[in-house]
Amino acid sequence: MIKSIVTRAFTLLFIGALIVACQEVQKKRIEFPPTDLAKENLIPKPLKVIPTNMAFGLDRYTAIYTTPNAEGYSGIGQFLADKIKATLDLDIPVNEKGTEPVERIIYINKSDSLELDSPEAYQLYITQDSVILNSNTAEGAFRGIQTLRQLIPEESNDTLAEQRIWPIASGKIIDNPNFGFRGAMLDVARHFFSVEDVKKYIDLLAYYKINVLHLHLTDDQGWRIEIKSWPKLTEVGGSTEVGGEAGGFYTQEDYKEIIAYAAKHFMTVIPEVDMPGHTNAASVSYPFLNGNGKTPKLYEGTQVGFSTFDTRKDTVYAFIDDVVREISAITPGPYFHIGGDESHVTKKNDYIYFVEKVEKIVQKHGKRMIGWDEIATANVDSNSISQYWSSGDNAQKAVDRGMKIILSPAKRTYLDMKYDTLTKLGLTWAAYIPVDSAYVWTPEEYEGIPMKNILGIEAPLWSETISNIDELEQLAFPRVIGYSELSWTIKENRDWENYKVRLANQAPFLDRMNVKYYPSPLIDWKKSKYTYEEIKKD
301 MIKSIVTRAF TLLFIGALIV ACQEVQKKRI EFPPTDLAKE NLIPKPLKVI PTNMAFGLDR
361 YTAIYTTPNA EGYSGIGQFL ADKIKATLDL DIPVNEKGTE PVERIIYINK SDSLELDSPE
421 AYQLYITQDS VILNSNTAEG AFRGIQTLRQ LIPEESNDTL AEQRIWPIAS GKIIDNPNFG
481 FRGAMLDVAR HFFSVEDVKK YIDLLAYYKI NVLHLHLTDD QGWRIEIKSW PKLTEVGGST
541 EVGGEAGGFY TQEDYKEIIA YAAKHFMTVI PEVDMPGHTN AASVSYPFLN GNGKTPKLYE
601 GTQVGFSTFD TRKDTVYAFI DDVVREISAI TPGPYFHIGG DESHVTKKND YIYFVEKVEK
661 IVQKHGKRMI GWDEIATANV DSNSISQYWS SGDNAQKAVD RGMKIILSPA KRTYLDMKYD
721 TLTKLGLTWA AYIPVDSAYV WTPEEYEGIP MKNILGIEAP LWSETISNID ELEQLAFPRV
781 IGYSELSWTI KENRDWENYK VRLANQAPFL DRMNVKYYPS PLIDWKKSKY TYEEIKKD
């Protein structure tokens, strides 16, 4: 306790000394027109915003400091400086004495405040001279940095000063996520996406505080992750994709690169190996796995439900043990997703037997099992997680078993569904999902699932109809931005009329990031380089 008080006192003295030094160096305070922090276009909307109607002037006389010896904090400071450099071409020193005088500071502070009662909670205090970001963890600081990035204007303010200045609205932001699990899924099995594509998706998701990336690594059309003990999985099973293209796969080094990049963005990666159905690529590679009684052949179509593992062979479980072991060893997150959906040709008793056996394998390798909602029909552990996509009955079974549930209802969250009748990409079997339908629902009250059972929300993007990053972005954006708000922001702070204005103002960022988003006619996009009319012509 005494150590904590001393540390906090030292930190406050250090921050105070920095602010005083800035004020002494500053020859004159630059006045900006009144600003209103509450009217900034932040997504997801914070828990509480208190404006003070002034501005902090970000310019070349600004410096970033972080709490000394706080693990991860200096890296977050450098992350912010790198993003400012990339966006504004403005060099901001981090924890160093620059050649230029420092007039204003951004201080990223590791706090021991009891008000910050969750790992991702943060507080922002913005004055004319300083921006102070308080958090108990580096993860919380990183979420706060995303808010600060959104507050930095795209263009500098014309002032009498010699240098360019970007005014940041002043005030206080108190923030904390509604759900600790805020996810997006990418299907790299039906169409393969490169490491660089996945990294760009991570960049965009992290900007909106999404903290989970679920990779659907295997399906009938392709096996995308190297398993060293079973090399034919990628040599044979990774050679195709929907439509007949060459496919591809991640080596374990590629996968580690994705994992490391996600970790830099405080994002957990969930690997999925779909089974006992959706397994044709595996069975073509190693035919002894096959249980549907037919000779497996490479598959490039989009039909589902025709494949299954032989659930009564011990050698199948030896294979699965190797797969789970190798992937778990290079995945630091706590989860392993076994799929389990649409296994239509697997007999019911065989399916139940399979899920219960694989659950024990996953647990043996130190992971917590996730499966699509069908897994709740088996006698699974309450520690396993059900991902609700289709069946309310299965969701209720999961609740009855005391399981946590990830909400991914297809008719609300599936990013591969078309926006409307004029959309070229996507499918329609679940629903058309325009931007408003994606946002206007209440996860906290969905299908009668108790809030205590809801782990969070995930927006899956299946890739039957998309084959490149541009097409991925058109189906994901802007809808995934809305899911970020549904996941982070409490329901009392969510409002469609307010949200669509804030969404419209995301266009400059999306354009700068070269995101080929869908310019929905429901949104009055700000200076968008895309138009709905052009999309209709494509």
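So the mapping is simple: our numbering equals the position in the sequence shown, first residue as 1, plus 300. Don't be surprised by glycine CBs; every beta carbon is placed ideally from N, CA and C. Computed from a prediction, not measured in an experiment: that's the story for all the values here.
- The beta carbon of Ala-563 lies closer than 8 Å to those of Pro-632 in the same chain, with the five residues before and after it left out.
- Under the three-state reduction of DSSP, Tyr-507 is assigned to helix.
- Annotation for Thr-367: Tyr-373, Asn-409, Lys-410 place their beta carbon closer than 6 Å to its own, counting only its chain and skipping 5 residues before and after.
- Thr-518 sits in a strand when the DSSP states are folded into three classes.
- With three or more CB-CB distances shorter than 8 Å, the region 530-550 counts as touching the region 575-587.
- If only uninterrupted beta strand (DSSP E) runs of at least 3 residues are considered, those enclosed by the region 662-696 are 668-672, 685-688.
- Inter-residue distance for Gln-463 and Asp-359 is about 7 Å (C-alpha atoms, whole angstroms).
- Of the other Cβ atoms in all chains shown, 16 or more fall within 10 Å of the Cβ of Asn-694; this residue is therefore buried.
- The three-state secondary structure of Ser-737, taken from DSSP, is helix.
- Annotated three-state conformation of Gln-423 is strand, per DSSP.
- In the displayed model, Pro-393 falls within coil according to three-state DSSP, outside both helix and strand.
- Ranking Ser-628, Trp-788, Thr-387 by CA distance to the CA of Pro-453 puts Thr-387 first.
- For Ser-784, the uninterrupted alpha helix (DSSP H) segment begins and ends at 779-788.
- The Cβ-Cβ distance between Glu-439 and Pro-419 falls below 8 Å.
- As far as DSSP is concerned, Ser-470 takes part in no beta bridge.
- Under the DSSP assignment, Leu-486 falls outside any alpha helix (DSSP H), being part of the beta strand (DSSP E) whose first and last residues are 481-487.
- Straight-line measurement puts the Cα of Gly-671 at about 30 Å from the Cα of Tyr-817.
- One Cα belongs to Ile-781, the other to Asp-614, and the distance between them is close to 45 Å.
- Contact between Asn-478 and Ile-749 fails: their C-beta atoms lie close to 15 Å from each other, not under 8 Å.
- For Ile-452, no beta strand (DSSP E) segment is defined, and its DSSP state is neither H nor E.
- Across the structure, Tyr-586 and Phe-619 are spaced so that their CA atoms are roughly 10 Å apart.
- In the displayed model, Met-751 falls within a helix according to three-state DSSP.
- The Cβ atoms of Gly-522 and Gly-544 do not sit closer than 8 Å to each other.
- When the beta-carbon positions are compared, Gly-640 and Glu-674 come within less than 8 Å of each other.
- Residue state for Asn-434 is assigned as strand, using DSSP reduced to three classes.
- Around the beta-carbon of Lys-509, 16 or more other beta-carbon atoms lie within 10 Å, marking it buried.
- Under the three-state reduction of DSSP, Leu-715 is assigned to coil, being neither helix nor strand.
- Excluding the 5 residues flanking it on each side, Ser-628 has same chain C-beta neighbours closer than 7 Å at Phe-636, His-665, Gly-666, Lys-667, in chain order.
- Between Leu-513 and Phe-809, the alpha-carbon positions lie close to 21 Å from each other.
- For Glu-764, the secondary structure class from DSSP, reduced to helix, strand or coil, is coil.
- If you draw a straight line from the Cα of Gly-548 to the Cα of Lys-556, it is about 16 Å long.
- Per the C-alpha coordinates, the member of Tyr-507, Arg-524, Glu-642 positioned closest to Gln-603 is Glu-642.
- With fewer than 16 other Cβ atoms from the protein chains shown falling within 10 Å of its own Cβ, Asp-458 counts as exposed.
- Straight-line measurement puts the Cα of Asp-336 at about 28 Å from the Cα of Gln-378.
- About 6 Å separates the beta carbon of Tyr-422 from that of Arg-443, a gap short enough to meet the 8 Å contact definition.
- Thr-608 counts as buried, since no fewer than 16 other beta carbons sit within 10 angstroms of its beta carbon.
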